[in-house]
């Protein structure tokens, strides 16, 4: 059986990727292309896999939001309703995941809304 894993991170060019309770994950750069693209990515049935810290931050961010906030974009709502697994070495009944290498091959890139760059990589075992 083959599985595809997608690692998704929002980051500025200097590597800063944190978001606060007011959802600064897009840094005000989102536009209709990005939001439509994000919704399409989560259209197919899939399973979300989070580390415990990321899952807690995601759950807290959603709990602190209200209708109409950027946090409640349609793609986030879709993602929130997908089956989810939390992987952690600190939680009971969880299994740590490990890979066999961090080398990546760039498969494609695109620019959305003239100022957001999406890069798609595939891991290459070594």
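Numbering (this note's numbering), first residue to last: 549 to 674. No residue lacks a Cβ here, since even glycine has one placed at the ideal position from N, Cα and C.
Item: Check each candidate in 597, 600, 660, 672 and name the one with the smallest Cα separation from residue 586.; Value: 660
Item: Run the CB neighbour count on residue 590, radius 10 Å, all protein chains shown included, and call it buried at 16 or more, exposed below.; Value: buried
Item: Take residue 627 as the anchor and find which of 579, 603, 578, 666 has the nearest alpha-carbon.; Value: 603
Item: Is residue 655 helix, strand or coil by DSSP?; Value: strand
Item: Hey, would you say residue 655 sits closer than 7 Å to residue 668, going by beta carbons?; Value: yes
Item: So for residue 662, helix, strand or coil by DSSP?; Value: coil
Item: DSSP beta-bridge partners for residue 632?; Value: 596
Item: With residue 612 as the anchor, note down where its alpha helix (DSSP H) starts and where it stops.; Value: Where residue 612 is concerned, there is no enclosing alpha helix (DSSP H), given that its DSSP letter is neither H nor E.
Item: Taking C-alpha atoms, which residue in 594, 620, 584 lies nearest to residue 630?; Value: 594
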